[in-house]
Structure formats: C-alpha cells, structure tokens
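Visitor: This structure is in structure tokens; I'll ask about it shortly.
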Amino acid sequence: IRVSLLGTENMRTRSWTIDGVSAPTNPAIQAINAIKAGNHPVEVQVTDQNGCMWSYSFVIVVTCPATNVQLQRTPQGTIYEGTTITITAVGANTNATNIRWTRNNNNQSQTGFVLTDKPTQQGTYTYKFEATDPNGCPLTASINVVVVPCISAAELKAKIPNAFSPNGDGINDTWIIEN
-14 IRVSLLGTEN
-4 MRTRSWTIDG
6 VSAPTNPAIQ
16 AINAIKAGNH
26 PVEVQVTDQN
36 GCMWSYSFVI
46 VVTCPATNVQ
56 LQRTPQGTIY
66 EGTTITITAV
76 GANTNATNIR
86 WTRNNNNQSQ
96 TGFVLTDKPT
106 QQGTYTYKFE
116 ATDPNGCPLT
126 ASINVVVVPC
136 ISAAELKAKI
146 PNAFSPNGDG
156 INDTWIIEN
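Right, here's the structure in full:
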C-alpha cells in the first residue's frame, strides 16, 4: 500500500504512525508493507518552514479477498467403512499458517495441506480445512464424505441364492440383484 501526502513536498518534516507505531520519517510517500487485514489508524504530522504543524488522521481498511481453496479427495464418491481417504487443500498459499483440520467439528491431529483419514463407521463426515494466509486472511474449505457399511463374506453369501427354480411355487422363482 502506498499513501501520498500531496502538496507537502516542501514541508520541513513529516512523521508517520501506523497502528500507533512510528514509521520511517520524512517521506512524502509512505510505503506500508506487510499490513494485515483489518482497520489500521494512521496519523501524519507535517511541519512547514515556519514551524507550523498540521496533523492528518485516517484509517486504512484492508479486506480479505475471497478464498480460492478447494478440497480434493481420493477415492472419490461413496466409500466403505475402513477405507483410507486422502484430502488435499488445493489453492491455499503455501506460506499459510495456523493450519487446522476438523472432522464433524472435531480436531484432527494433522496440520499440513494433506489429511489422511480412515472412517470406520457409516455416516456422512464433514471435513473442514482452516488456515491463515500471510496477510492474516482466513482460508477455509469443506467437503462431505459418505461412508457406507461393508458387507461381510457371510452376509454376501446369504444374499446370493445358490439355486434358481422359476416353477411358480414361490421359492426361488425370481433372482433379484440388490444394490
């Protein structure tokens, strides 16, 4: 961010404070580097050749851009209980800090851009990625994962008939394949 004080080029001195901290003195144009998101009060005092002093106060408002973070996962689609999934935060600034993952609002121990998990119960799981970019802006994204129960070999065997007799007696007359 660059702030200019027009018409003060011939002034004897200038002093700047940004967020209550003194900044380098005497430039007519002040470069403000590494300013975080939020409201930042600025005060400039100018003294002319006759010793008269003026003070200018204003607030610089820095807003956060929309986040471009997306979560990608493998495998995709509905998964079975006990399947290992990998979720990657894509589009996040690699200098992000305060990285945090949650599953159904419960913290996960992993803090990088990649989360690996192995849900063991059926249900819908919401995974959320949160971080802070170098400008202090929040980065967030979430994704839902649907987990269905596994069917055991015994259950599968019980569901598949070993005989088919379409003779009209009501026993094994049809073979219905279930999803």
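Going by my numbering, the letters in the sequence shown line up with residues -14 to 164, in that order.
Idealized CB from N, CA, C, for every residue including glycine.
Might you give, ordered along the chain, the residues of its own chain that have their beta carbon closer than 8 Å to the beta carbon of Thr69, omitting 5 neighbours on each side?
Guide: The residues are Thr101, Asp102 and Lys103.
Visitor: Can you give the Cα-Cα distance for Tyr112 and Thr105, rounded to whole angstroms?
Guide: Whole-angstrom Cα-Cα distance: 15 Å.
Visitor: Relative to the C-alpha of Leu124, which residue among Gly108, Arg88 and Asn78 is closest?
Guide: Out of Gly108, Arg88 and Asn78, Asn78 has the C-alpha closest to the C-alpha of Leu124.
Visitor: On the premise that Ala81 lies in contact with Ile117, defined as a C-beta separation below 8 Å, what is that separation, rounded to the nearest angstrom?
Guide: For clarity, residue 117 is Thr in the given sequence; the question names Ile instead. Between Ala81 and Thr117 the Cβ distance is about 6 Å, and since that is below 8 Å, they are a contact.
Visitor: Measuring straight from C-alpha to C-alpha, what distance separates Ser42 and Ala51?
Guide: Between Ser42 and Ala51, the C-alpha separation is close to 29 Å.
Visitor: When you compare each of Ser40, Asp33, Ser127 and Met(-4) to Pro2 by their alpha carbons, which one comes out closest?
Guide: The sequence given here has Thr at residue 2, not Pro. For the residues Ser40, Asp33, Ser127 and Met(-4), the minimum Cα distance to Thr2 belongs to Ser40.
Visitor: I'd like to know whether the C-beta atoms of Tyr110 and Val130 end up nearer to each other than 8 Å.
Guide: Yes, the pair counts as a contact, with Cβ atoms nearer than the cut-off.
Visitor: Would you give the residue range spanned by the beta strand (DSSP E) that Arg85 belongs to?
Guide: Its beta strand (DSSP E) spans residues Thr82 to Arg88.
Visitor: Alpha carbon to alpha carbon, what distance is there between Pro60 and Asn83?
Guide: Rounded to whole angstroms, Asn83 to Pro60 spans 27 Å at the Cα level.
Visitor: Between the alpha carbons of Ala74 and Ser94, how many angstroms are there, rounded?
Guide: So the alpha carbons of these two residues sit roughly 16 Å apart.
Visitor: According to DSSP, is Glu115 part of a helix, a strand, or is it coil?
Guide: Strand, per DSSP.
Visitor: Could you pull the start and end residues of the beta strand (DSSP E) that Arg101 belongs to?
Guide: First, the amino acid is wrong: residue 101 is Thr here, not Arg. Element bounds for Thr101: Val99 to Asp102.
Visitor: Name the two residues that bound the continuous beta strand (DSSP E) containing Arg(-1).
Guide: Arg(-1) -> beta strand (DSSP E) spans Thr(-2) to Ile3.
Visitor: So, Val46 versus Thr71, is the Cβ gap smaller than 8 Å?
Guide: For Val46 and Thr71, no; Cβs fall outside 8 Å.
Visitor: In whole angstroms, what is the alpha-carbon distance linking Thr63 and Thr159?
Guide: Rounded to whole angstroms, Thr63 to Thr159 spans 29 Å at the Cα level.
Visitor: For the beta strand (DSSP E) holding Gly23, just list the boundary residues, first then last.
Guide: Gly23 to Thr32 is the span of the beta strand (DSSP E), which, as asked, contains Gly23.
Visitor: Taking DSSP's pairing of strands, which residues face Gly108 in a bridge?
Guide: Val132.
Visitor: With DSSP run on the structure shown, which of helix, strand or coil describes Ala139?
Guide: It is helical.
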